[in-house]
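> Below is a structure I'd like to ask you about.
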Amino acid sequence: MNTIDRETVRERARQLNARVTDFRLAILGADPATIERARAEGQTAARTLFDAQLAAGLITAEHHRRRSAALSSEYPGAEAQA
Numbered sequence: 496m497n498t499i500d501r502e503t504v505r506e507r508a509r510q511l512n513a514r515v516t517d518f519r520l521a522i523l524g525a526d527p528a529t530i531e532r533a534r535a536e537g538q539t540a541a542r543t544l545f546d547a548q549l550a551a552g553l554i555t556a557e558h559h560r561r562r563s564a565a566l567s568s569e570y571p572g573a574e575a576q577a
């Protein structure tokens, strides 16, 4: 039987999540340059996705502020990266 270590599973899950996020961003109309710039600046995928949803008018600015606050409490230092 073929066994896969936990680190391999985590890496594959991370890659899959990144691909799903890229797909969702593309649907929202985020251009690839914006996505790459956000990653280069260390912006989280969640923050990039919420920014794209705000730009597309799918969420309100108030919802964006509340979610941003929640993200920064879950991930200290995230606000400094945004």
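So in our numbering the end of the sequence shown lands on 577, straight run, no missing numbers.
The beta carbon of each residue, even a glycine, is placed where N, CA and C say it ideally should be.
Would the beta-carbon of R542 fall within 8 Å of that of L566?
Sequence index remark: in the sequence shown, residue 542 carries index 47 (1-based). Sequence index remark: in the sequence shown, residue 566 carries index 71 (1-based). Taking 8 Å as the Cβ cut-off, R542 and L566 qualify as a contacting pair.
> What is the DSSP secondary structure of A513, reduced to helix, strand or coil?
For the purposes of this step, residue 513 is identified with residue 18 of the sequence shown, where counting begins at 1. A513: helix per DSSP, three-state reduction.
> Closer than 8 Å is the cut-off here; do at least three beta carbon pairs connect the stretch 521-534 with the stretch 548-556?
Because the criterion of three Cβ pairs below 8 Å is met, the stretch 521-534 and the stretch 548-556 touch.
> For Q548, which of helix, strand or coil comes out of DSSP?
Indexing the sequence shown from 1 puts residue 548 at position 53. Note: Q548 maps to helix in three-state DSSP.
> Using CA coordinates, which residue listed in R534, A513, R519, D500 is at the minimum distance from A547?
As a position in the sequence shown, residue 547 is number 52, starting the count at 1. When each option's Cα is compared against that of A547, the closest is R519.
> Using a threshold of 8 Å, state whether the C-beta atoms of R534 and F545 are closer than that.
As a first step, residue 534 is located in the sequence shown; it is residue number 39 there, counting from the start. As a first step, residue 545 is located in the sequence shown; it is residue number 50 there, counting from the start. Not closer than 8 Å, so no.
> In angstroms with no decimal places, state the Cα-to-Cα distance between H558 and S568.
The residue you call residue 558 lines up with position 63 of the sequence shown. The residue you call residue 568 lines up with position 73 of the sequence shown. Looking at the two C-alpha atoms, the distance is approximately 15 Å.
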